[in-house]
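Visitor:
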Amino acid sequence: SLALENHRAHERGHGGKDWRKILKQIDRNNKNIRFVEGDSNPYFIVSELLIGDVSGACYEFLLQNKPIVFIDTPKFFEEHGTDGISYWGRKCGDVVCDLNQLSDIVQNNLDNPTHNEKERLQIIKTLIYNPGSASKVAVDTIIGLIDGRISFPKWGCRLTRYYLAVLMVFRRLKKLVIN
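Numbering (the numbering used here), first residue to last: 1079 to 1257.
1. Can you list the beta strand (DSSP E) stretches of 3 or more residues lying completely in the segment 1161-1192, in chain order?
2. Comparing alpha-carbon positions, which option in LYS1099, LEU1205, GLY1210 lies nearest LYS1141?
3. Which residues share a DSSP beta bridge with ILE1149?
4. If we ignore side chains and look at the alpha-carbon of each, how far apart do ARG1236 and PHE1139 end up?
5. Distance check for GLY1130 and PHE1148, CA to CA, integer angstroms please.
6. Just checking, does the segment 1153-1168 make contact with the segment 1209-1222 on the three C-beta pairs under 8 Å criterion?
7. Would ILE1146 and CYS1170 be called neighbours here (beta carbons separated by less than 8 Å)?
8. Could you check where the beta strand (DSSP E) with GLY1130 kicks off and where it finishes?
9. Assign LEU1199 to buried or exposed, taking buried as 16 or more other Cβ atoms, counted over all protein chains shown, within 10 Å of its Cβ.
10. When DSSP labels each residue in this structure, what does TYR1207 get in the three-state scheme?
11. Kindly indicate the opening and closing residues of the alpha helix (DSSP H) around SER1213.
12. If you measure between the beta carbons of LYS1144 and SER1125, is that distance less than 8 Å?
13. By alpha-carbon positions, which one of LEU1127, ILE1201, ASP1150 ends up nearest to ASP1189?
14. So, with DSSP's three-state summary, where would you put ASN1119?
15. From which residue to which residue does the alpha helix (DSSP H) around LEU1140 run?
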């Protein structure tokens, strides 16, 4: 079976096509394909492999330590750079530059699920910070960001826009906490 998800936040690069409509039609015409809307995390548990591009879903799936095949998106990296996990995180899977090779690469990963496991485990270790203490670390970090003891990170694609939005929220929260 195959689950398809249309990235909710992806407005550009759609090629003028209504992918939601196209994916729903594929779902209707194929009993072994399901178009997934909303939370895709439950599908990660039952999936053997994920095919993705630069979506954060790839790194959520990575925590399952299962194979990932990345569709190469060079224009994305030309525009957003190669400093973030969307680029360097791809070393935990196979990157497909020629879609004609996709089927063979997927089959190889399904036949050899430990392929790239060392790289996956390395990135999982990098991403998981203080296992068992995540809530405490998150709260301490949020408080540190609010009171200015911790600086906001400046890396990653499109982070500036998110940084400004988060900064506004934290400044408002700080005013509420102080007042």
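All C-beta atoms, glycine included, are put in the ideal place defined by N, C-alpha and C.
Guide: Result, derived from the coordinates:
1. 1172-1174
2. Note that residue 1141 corresponds to Leu in the displayed sequence, not to Lys. That would be LEU1205, whose Cα lies nearest to the Cα of LEU1141.
3. VAL1174
4. In this predicted model, ARG1236 has a pLDDT of only 49, less than 50, meaning its place in the structure is not dependable enough to derive any value.
5. 5 Å
6. no
7. The answer is yes: Cβ separation under 8 Å.
8. 1128-1130
9. It is exposed - the Cβ of LEU1199 has fewer than 16 other Cβ atoms within 10 Å.
10. coil
11. It spans 1212-1225 - the alpha helix (DSSP H) in which SER1213 sits, taken as one unbroken run.
12. yes
13. LEU1127
14. helix
15. 1135-1140
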